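Participant:
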Amino acid sequence: MAEKFLLLNGKKFYYDEISSYSFRNSIPLNGYEAKTLEFCRNWLNGVQEFPIQTSGSTGAPKHISLTRKQLEASAARTIKLLHLQPGDSTLICLNTEYIAGMMMLVRGFMAELEMIIVEPISNPLTLAPEGQKIDFASFVPMQLQTILQETPEAATILNHMKAILVGGAPVGFTLQRDILLLDVPVYHTYGMTETASHVALRLLNGPKAADYYEVLQGVEIGQDHRGCLTIQGDVTNNERIVTNDLVELLTPTRFRWIGRVDNTINTGGVKVQTEKVEVAISEALADMDNPPRFFVAAQPDELLGEKIVLVLEGEKMTDEAELAFQEKLRALLRKFEMPKETYYAASFSETATGKISRQRTLQKLGLETL
Numbered sequence: 001m002a003e004k005f006l007l008l009n010g011k012k013f014y015y016d017e018i019s020s021y022s023f024r025n026s027i028p029l030n031g032y033e034a035k036t037l038e039f040c041r042n043w044l045n046g047v048q049e050f051p052i053q054t055s056g057s058t059g060a061p062k063h064i065s066l067t068r069k070q071l072e073a074s075a076a077r078t079i080k081l082l083h084l085q086p087g088d089s090t091l092i093c094l095n096t097e098y099i100a101g102m103m104m105l106v107r108g109f110m111a112e113l114e115m116i117i118v119e120p121i122s123n124p125l126t127l128a129p130e131g132q133k134i135d136f137a138s139f140v141p142m143q144l145q146t147i148l149q150e151t152p153e154a155a156t157i158l159n160h161m162k163a164i165l166v167g168g169a170p171v172g173f174t175l176q177r178d179i180l181l182l183d184v185p186v187y188h189t190y191g192m193t194e195t196a197s198h199v200a201l202r203l204l205n206g207p208k209a210a211d212y213y214e215v216l217q218g219v220e221i222g223q224d225h226r227g228c229l230t231i232q233g234d235v236t237n238n239e240r241i242v243t244n245d246l247v248e249l250l251t252p253t254r255f256r257w258i259g260r261v262d263n264t265i266n267t268g269g270v271k272v273q274t275e276k277v278e279v280a281i282s283e284a285l286a287d288m289d290n291p292p293r294f295f296v297a298a299q300p301d302e303l304l305g306e307k308i309v310l311v312l313e314g315e316k317m318t319d320e321a322e323l324a325f326q327e328k329l330r331a332l333l334r335k336f337e338m339p340k341e342t343y344y345a346a347s348f349s350e351t352a353t354g355k356i357s358r359q360r361t362l363q364k365l366g367l368e369t370l
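For the sequence shown, full-length UniProt numbering puts the final residue at 370, and the numbers step up evenly by one.
1. Among Leu370, Ala286 and Gly305, which residue has its Cα nearest to the Cα of Leu329?
2. Under the DSSP definition of a beta bridge, which residues are partnered with Trp43?
3. Residue range of the beta strand (DSSP E) that Phe50 falls in?
4. Looking only at DSSP bridge pairs, what is Gln363 linked to?
5. Among Leu310, Ile116, Glu194 and Thr67, which has the Cα closest to the Cα of Phe5?
6. Please classify Leu180 as buried or exposed, where buried requires at least 16 neighbouring CB atoms within 10 angstroms.
7. Got a sec? Which residues, its chain only, sit under 8 Å from Glu33 by beta carbon, not counting five neighbours each side?
8. Between which two residues does the alpha helix (DSSP H) containing Leu323 stretch?
9. Return the bridge partner residues of Ile164 from the DSSP annotation.
10. Which same chain residues, not among the five before or five after Ala154, have their C-beta less than 6 Å away from its C-beta?
11. Counting beta carbon pairs with one atom in the segment 95-106 and one in the segment 186-197, are three or more of them shorter than 8 Å?
12. Might you give, ordered along the chain, the residues of its own chain that have their beta carbon closer than 7 Å to the beta carbon of Met317, omitting 5 neighbours on each side?
13. Are Phe295 and Arg254 close, meaning C-beta to C-beta below 9 Å?
14. I'd like to know whether the C-beta atoms of Pro120 and Gln143 end up nearer to each other than 9 Å.
15. Count the other CB atoms within 10 Å of the CB of Asp88; is the residue buried (16 or more) or exposed (fewer)?
16. Using 8 Å for Cβ pairs, my map puts Thr361 next to Gly168. What's the rounded Cβ distance?
17. Going by other Cβ atoms of all chains shown within 10 Å of its Cβ, with 16 needed for buried, is Asn95 buried or exposed?
18. Using 8 Å as the cut-off, can you tell me whether the segment 226-244 makes contact with the segment 265-275, which would need three or more C-beta pairs spanning the two stretches below that distance?
19. What does a CB cutoff of less than 8 Å around Ile243 pick up in its chain, not counting 5 residues either side in sequence?
20. Would you call Arg240 buried or exposed, if buried means 16 or more other Cβ atoms sit within 10 Å of its Cβ?
21. For Ile281 and Gln132, I'd like the C-alpha separation in whole angstroms.
22. CA-CA distance, Val272 and Ala331?
23. Are the beta-carbon atoms of Val309 and Ala298 separated by less than 9 Å?
24. So which of Gly233, Thr351 and Leu44 has the shortest CA-CA distance to Tyr15?
25. Grab the span of the beta strand (DSSP E) containing Val247 for me, first residue to last.
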């Protein structure tokens with residue numbers, strides 16, 4: 001029987017040397033490789049508890065611990081749902097120190113997949129071995145959008161896959177439009193570190209595409225008094241987790257995501273959901289050659305209490321482009337939902353998982369973080 005191995009940044013590591021960490025002196029490792037192999041060693045040696053840090057995209061990062069049973073329960077559901085088989089190959093290009101990347105490793109081990117692990121860069125296909133068949137991958141939206149924009153043969157490579165997961169941030173209008181052109185099933189994930197990655201999936205393309213999330217089997221959902229989603233199951237150690245995500249509960253297993261309760265802006269006595277404004281902005285920017293990243297935030301206002309502002313990454317628009325953008329936006333939003341000011345940041349601050357850090361970006365611009 002052939003010895004099992006994985007590829008990490010093009011270097012071959014056999015499972016037996018990973019479990020004994022016997023390659024330490026013979027193969028030079030960078031920090032990312034060492035951290036990745038440390039988790040792999042612990043997994044192969046049967047460690048039962050894993051410390052992990054939350055991403056910090058919606059608040060201060062915190063350290064929690066997840067049990068092996070939680071990780072196995074989560075991985076088993078995804079493997080079954082996506083029909084992953086021993087010998088299938090997976091591209092792992094998410095930061096393995098955080099839950100999304102870590103769970104890709106767990107799925108790889110449990111399903112006996114051929115693992116191709118690369119650094120979490122914006123276009124990870126450029127780091128994959130040339131001609132390598134890939135059956136399964138998971139990306140953040142920025143990675144998938146960059147792949148589709150920068151890699152001419154991207155559609156051909158992606159369409160050979162069994163499935164693609166995309167998560168960690170909302171899928172914008174431009175990316176959603178491009179995903180509709182793909183044949184491979186693309187699923188938007190819903191989950192968090194505390195639930196050992198995703199607990200629900202939303203199919204973004206094909207005849208069964210939906211605007212709601214379907215909860216994975218064995219996970220129970222509900223709502224608290226605010227209308228926020230609650231989650232309970234073996235992936236939460238059977239503890240009831242209360243999220244800050246406002247949802248519309250459609251059935252016991254389906255929900256429509258509205259936005260985060262802490263992203264509600266009270267402007268002039270009217271409550272506006274940030275995510276609704278961002279969907280409109282994404283659509284209004286979609287016709288630009290390279291739509292910039294952006295986010296919506298609240299700032300203090302003497303008259304309104306809070307005003308809606310837009311923060312764009314990159315250079316300021318020309319007056320002509322700004323005028324066209326505002327015209328499109330007015331057709332999509334009501335007057336009180338329109339951003340009152342626009343700010344430009346040369347580059348957004350990011351978390352370690354590549355998500356936009358709104359707080360740090362606002363601070364960099366000298367704006368308040370409400």
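The beta carbon of each residue, even a glycine, is placed where N, CA and C say it ideally should be. Quantities reported herein were computed from a predicted structural model and do not represent experimental measurements.
Facilitator: Straight from the coordinates:
1. Out of Leu370, Ala286 and Gly305, Ala286 has the C-alpha closest to the C-alpha of Leu329.
2. In the DSSP output, where bridge partners are listed per residue, Trp43 has none listed.
3. Start and end: Glu49 to Gln53.
4. The bridge partners DSSP lists for Gln363 come to none.
5. With distances taken between Cα atoms, Phe5 lies closest to Ile116.
6. With fewer than 16 Cβ atoms within 10 Å of its Cβ, Leu180 is classed as exposed.
7. Closer than 8 Å at the Cβ level, and outside the excluded window around Glu33, lie Leu8, Asn9 and Lys11.
8. Segment Asp319 to Leu332, the alpha helix (DSSP H) holding Leu323.
9. DSSP lists Ala137 and Val186 as the beta-bridge partner residues of Ile164.
10. Ile147 and Leu148, listed in sequence order.
11. Contact between the segment 186-197 and the segment 95-106 is present, because at least three Cβ pairs lie under 8 Å.
12. Once the five neighbours on either side are set aside, the close Cβ partners of Met317 are Phe325.
13. Contact: no.
14. Closer than 9 Å, so yes.
15. Classification of Asp88: buried, given that the 10 Å Cβ count is 16 or more.
16. The C-beta distance from Thr361 to Gly168 rounds to 17 Å, too long to meet the 8 Å contact threshold.
17. Looking at its Cβ environment, which holds 16 or more other Cβ atoms inside 10 Å, Asn95 is buried.
18. Touching, no, given that fewer than three Cβ pairs across the two stretches are closer than 8 Å.
19. As written in the sequence, residue 243 is Thr, which differs from the Ile given in the question. Cβ neighbours of Thr243 beyond the five flanking positions: Met192, Cys228, Leu229, Thr230 and Ile231.
20. It counts as exposed.
21. C-alpha separation (whole angstroms): 37 Å.
22. For the pair Val272 and Ala331, the Cα-to-Cα distance works out to about 17 Å.
23. At the C-beta level, Val309 and Ala298 come within 9 Å of one another.
24. Ranked by Cα distance from Tyr15, the first of Gly233, Thr351 and Leu44 is Leu44.
25. Val247 -> beta strand (DSSP E) spans Ile241 to Thr251.
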